[in-house]
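Q: Each number in my numbering comes from the position in the sequence shown (counting from 1) with 16 added on. Handing you a structure now.
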Amino acid sequence: MHSIKSPSPAYCNAIAALLIVLICCDVVAPLPASAQPSPTAFRRIGSQDESRQDFFPGEIRARPVLGNYTQGQYMGLFCGGQDLAGPQQDFYADPRWGDQGDGTFANPVLNADFSDPDVIRVGSKYYMTCSEFHFMGMPILESADMVNWQVIAQIYPAIDLPGYDSMSKYGGGTWAPALREHDGRFYMYVCTPDEGLFMSTADDIRGPWAPLHQVRAVSGWEDPCPFWDEDGQAYLGRSQLGGGPIIIHRMSADGRTLLDDGTEVYRGDTSEGTKLFKRDGWYYLSIPEGGVGTGWQQVLRSRSIYGPYEGRTVLERGVTNVNGPHQGALVDTPQGEWWFFHFQSHDPQGRVVHLQPVVWGDNGFPAIGTDYDGNGIGEPMKICRKPATGVASAVHYPQGSDDFSSATLHPMWQWNHNPDSSRFSLSERPGWLTLHPRNATTLRQARNQLTQKLMGYRGQATVLLDFAELNDSSRSGLECIGSNFVGAGIRKGGGKTYLYWEREGKETIVSALSSVATTILLRLTFDAIKNEFQFSYSLDGSTFTDLGDSFNESSRDWKGARIGLYSFTAGNHGGWAHFDDFTYEFQ
């Protein structure tokens with residue numbers, strides 16, 4: 017691995033200006049025929065503002081971003097490119113993401129860990145779900161424009177299997193799912209690595225969803241996807257733990273039973289994440305290959321569902337710094353456009369979601385993104401015009417603040433492992449979330465950690481904690497969990513109240529509080545570009561003081577960093593911790 021020193025922004029701007037003069041004045045000699053640009057290479061430099069200028073040919077293209085965003089040997093002429101700075105964040109990282117408010121969006125379209133996303137369209141609405149592993153339960157998100165999303169439901173509240181109550185299923189649970197609508201009914205299929213294949217159904221996407229049904233008790237299966245053919249025959253495609261092969265089963269029409277042991281139809285390089293569909297009489301497999309952080313997207317087709325399949329690589333990192341652009345969903349609009357959702361493993365957030373334009377070629381395969389290096393394979397784009405969905409949508413985000421005034425928890429919240437429903441309440445003290453501490457020795461092993469995904473590049477989360485009824489040996493506070501499990505807040509002991517913080521099981525007492533104090537504001541501030549996190553506290557509601565050391569985060573157990581609330585005790589009865597006014601701000 018080696019690095020190349022990037023030219024300064026001033027140098028880049030000077031070179032770009034010189035090129036404009038040379039090209040516009042016809043000073044530059046034409047390229048020989050052998051060196052003429054490909055249909056997706058640079059063709060011109062215009063004079064419009066950066067926010068509007070289209071450096072790239074075609075109807076759906078990115079606008080330029082000056083800076084060293086791409087590999088220099090391909091884009092050095094322009095001292096720039098378009099894609100997001102890669103997993104190792106640096107000075108040139110572009111902090112734009114989501115809806116830009118001007119008819120365009122910036123990737124990632126969802127800058128949070130909605131890993132292994134699957135998306136469907138039903139009428140004019142789009143619905144997404146994702147893998148959640150040991151977090152409860154898998155969300156349903158809704159969008160009118162593919163860009164702005166909100167969480168509207170959860171598929172299950174808990175996984176009723178051994179280990180999910182005892183905090184011992186980190187990295188287990190629900191892996192890459194599939195979401196489908198068939199004959200007016202919604203279906204979700206998912207595998208857990210140890211327990212098997214599960215499914216759930218709902219007449220309304222918002223629920224209620226049926227309890228998880230175990231279709232097959234088995235270990236080592238992953239990434240299922242159902243498909244109903246025109247003749248009514250149902251199938252299920254899946255992969256095997258470790259990355260293949262792709263296997264297709266016959267399935268009962270109601271989707272609850274597999275009718276055979278499956279037929280292998282494809283074996284590739286870490287082939288998983290199967291998405292099975294039919295288009296123009298062809299059966300298609302859309303699958304990620306190559307692994308989470310380094311992979312690419314492969315599309316295969318056949319006239320028979322059992323093959324043989326011919327394939328193409330349709331999306332790769334190429335000359336961009338968007339590593340592993342793969343695993344997701346091909347989705348169309350009512351207007352006939354196609355788009356592709358995929359993830360990028362990008363710590364500390366986790367696997368963030370990108371959205372790329374798709375054009376189906378005469379060869380029957382999709383062209384995704386833009387082929388910057390001219391090798392016939394698409395690459396991810398940073399800025400795109402929004403999909404033509406025929407719907408205008410205000411800018412909004414899935415995660416957010418909560419004053420705990422509702423009778424039930426908002427589905428943006430997720431418990432770490434199964435919750436103990438007897439030890440939390442929104443009604444004991446109306447307008448507050450009450451947690452009754454359970455016995456645990458460290459934060460990682462504590463039940464009833466209530467979490468949200470880390471969202472955006474920079475932000476802060478603040479919560480009011482009333483600890484007056486917290487008993488000796490109990491802890492309660494605000495947490496950030498990822499590669500480091502870090503909590504900060506209040507610890508009771510020996511009849512006294514202490515400010516403390518914990519990192520990976522090691523506790524540090526910061527100071528004792530006055531016996532008069534019963535409430536405290538706790539805050540987590542984060543800068544994901546620098547990968548810096550810092551807790552702080554306030555006793556007067558305005559002045560905040562650092563609590564503990566700064567720290568960094570990355571993914572762990574297949575999930576990115578999260579913010580959460582917790583309370584646990586080393587004693588027999590922990591009392592009560594009350595939380596209010598959770599305020600979550602990010603950009």
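Built from N, CA and C at the ideal position, the CB exists for glycine as well. Note that the coordinates shown come from a computational prediction; the quantities given were computed from them, not determined experimentally.
1) Run through DSSP, which three-state label would Leu515 get?
2) Can you tell which of Lys508, Leu126, Asn547, Asp247 has its C-alpha closest to the C-alpha of Ser566?
3) Just how far apart, CA to CA, sit Ala12 and Ala586?
4) Tell me the DSSP secondary structure of Ser287 in three-state form.
5) Bridge partners for Asp418 per DSSP, in chain order?
6) What three-state label does DSSP hand Gln461 in the structure shown?
7) Beta carbon of Ile263, beta carbon of Glu280: below 8 Å?
8) Glu444 to Asp436, Cα distance in whole Å?
9) Indicate whether the contact test is met: 3 or more Cβ pairs, each with one atom in the region 421-430 and one in the region 472-492, closer than 8 Å.
10) What does Tyr553 pair with, by DSSP beta-bridge criteria?
11) Got a sec? Which residues, its chain only, sit under 6 Å from Ala174 by beta carbon, not counting five neighbours each side?
12) Here's the rule I'm using: 16 or more other beta-carbon atoms within 10 Å means buried, otherwise exposed. How should Ile171 be labelled?
13) Closest to Gly352 by C-alpha separation, out of Gln360, Gly394, Leu481, Ala404, would be which residue?
14) Rounded to whole angstroms, how far is the Cβ of Gly366 from the Cβ of Asp161, which I believe are closer than 8 Å?
15) Could you check whether the Cβ of His433 sits closer than 8 Å to any Cβ belonging to chain B?
16) Does the Cβ of Asp482 have 16 or more other Cβ atoms within 10 Å, making it buried, or fewer, making it exposed?
17) Would you list, in sequence order, the uninterrupted beta strand (DSSP E) runs of no fewer than 3 residues that lie entirely inside the region 319-365?
18) Return the bridge partner residues of Gln166 from the DSSP annotation.
19) Kindly indicate which residue of Cys496, Arg507, Gly236, Trp448 has the alpha-carbon position closest to the one of Ser489.
20) Residues in the same chain with beta-carbon distance under 6 Å from Ser554, minus the five sequence neighbours each way, listed in chain order, please.
21) Tell me the residue span of the beta strand (DSSP E) that contains Arg254.
22) Report the rounded CA-to-CA distance for Gln465 versus Gly580, giving the unit in angstroms.
23) Secondary structure at Ser626, three-state DSSP: helix, strand or coil?
24) In chain order, what residues of the same chain lie with their CB nearer than 7 Å to the CB of Glu601, ignoring the 5 residues before and after it?
25) For Phe202, which residues in the same chain have their Cβ closer than 6 Å to its Cβ, ignoring the five residues on either side in sequence?
26) Under DSSP, the beta strand (DSSP E) around Cys146 begins and ends at which residues?
27) Kindly confirm or deny that the region 205-215 and the region 233-243 touch, where touching means at least three C-beta pairs closer than 8 Å.
28) Can Gly344 and Pro133 be called in contact, C-beta distance under 8 Å?
29) Taking the alpha-carbon positions, what's the Asp556 to Pro240 distance?
30) Where does Arg445 fall in DSSP's three states?
31) Mapping the DSSP letters down to three states, classify Arg272 as helix, strand or coil.
A: Taking the definition as stated:
1) By 1-based counting over the sequence shown, the position of residue 515 is 499. Note: Leu515 maps to strand in three-state DSSP.
2) The residue labelled residue 566 in the question sits at position 550 within the sequence shown. Ranking the options by Cα distance to Ser566, first place goes to Asn547.
3) There is simply no residue 12 to check, as the chain begins at 17 and stops at 603 in what is shown.
4) By one-based count along the sequence shown, residue 287 stands at place 271. Here Ser287 carries a coil assignment [DSSP, helix/strand/coil].
5) The sequence position of residue 418 within the sequence shown is 402, counting from 1. Asp418 pairs with Phe598.
6) Counting from 1 along the sequence shown, the entry for residue 461 is found at position 445. In this structure, Gln461 counts as helix in the three-state DSSP scheme.
7) By 1-based counting over the sequence shown, the position of residue 263 is 247. By 1-based counting over the sequence shown, the position of residue 280 is 264. Against a cut-off of 8 Å, the Cβ pair of Glu280 and Ile263 comes out as a contact.
8) On the sequence shown, position 428 is the one that residue 444 refers to. On the sequence shown, position 420 is the one that residue 436 refers to. Straight-line Cα distance between these residues: approximately 16 Å.
9) Segments in contact, no.
10) Against the sequence shown, residue 553 aligns to sequence position 537. Leu538, Thr561, per the DSSP bridge assignment.
11) Indexing the sequence shown from 1 puts residue 174 at position 158. Hits under 6 Å: Met152, Asn434.
12) For the purposes of this step, residue 171 is identified with residue 155 of the sequence shown, where counting begins at 1. Ile171 is buried by the Cβ-count criterion.
13) On the sequence shown, residue 352 is found 336 positions in, with the first residue counted as 1. Of the listed residues, the one whose Cα sits closest to Gly352 is Ala404.
14) By 1-based counting over the sequence shown, the position of residue 366 is 350. By 1-based counting over the sequence shown, the position of residue 161 is 145. At roughly 24 Å, the Cβ-Cβ gap does not stay under 8 Å, so Gly366 and Asp161 are not in contact.
15) No chain B is part of this structure, which consists of one protein chain only.
16) Along the sequence shown, read from residue 1 onward, the residue named residue 482 stands at position 466. So Asp482 counts as buried.
17) Qualifying beta strand (DSSP E) stretches, in chain order: 326-331, 342-348, 354-362.
18) Counting from one through the sequence shown, the residue named residue 166 turns up at place 150. In the DSSP output, where bridge partners are listed per residue, Gln166 has Glu158.
19) Position 473 of the sequence shown, counted from the start, is the residue given in the question as residue 489. Nearest of Cys496, Arg507, Gly236, Trp448 to Ser489, Cα basis: Arg507.
20) Here residue 554 refers to the residue found at position 538 when the sequence shown is read from its first residue. Leu537, Phe560.
21) Taking the first residue of the sequence shown as 1, we reach residue 254 at position 238. Start and end: 250-256.
22) In the sequence shown, counting from the first residue as 1, residue 465 sits at position 449. In the sequence shown, counting from the first residue as 1, residue 580 sits at position 564. Their Cα atoms are separated by approximately 6 Å.
23) Nothing can be reported for residue 626: it is not among the residues displayed for the chain, which extend from 17 to 603.
24) If you number the sequence shown from 1, residue 601 lands on position 585. Sequence-distant Cβ neighbours of Glu601 in its own chain, meaning closer than 7 Å and more than five residues away, are Gly475, Gln476.
25) For the purposes of this step, residue 202 is identified with residue 186 of the sequence shown, where counting begins at 1. Excluding residues within five positions, the ones whose Cβ falls inside 6 Å are Ala218, Ile221.
26) Within the sequence shown, the letter at position 130 stands for residue 146. That residue, Cys146, is in no beta strand (DSSP E); it is neither H nor E in DSSP.
27) Yes: the two stretches touch, three or more of their Cβ pairs being nearer than 8 Å.
28) Here residue 344 is taken as the residue at index 328 of the sequence shown, counted from 1. Here residue 133 is taken as the residue at index 117 of the sequence shown, counted from 1. Yes, the pair counts as a contact, with Cβ atoms nearer than the cut-off.
29) For the purposes of this step, residue 556 is taken as the residue at position 540 of the sequence shown. For the purposes of this step, residue 240 is taken as the residue at position 224 of the sequence shown. Between Asp556 and Pro240, the C-alpha separation is close to 52 Å.
30) On the sequence shown, position 429 is the one that residue 445 refers to. It is coil, neither helix nor strand.
31) Reading the sequence shown from its first residue, position 256 is the one you call residue 272. DSSP places Arg272 in coil when its eight states are reduced to three.
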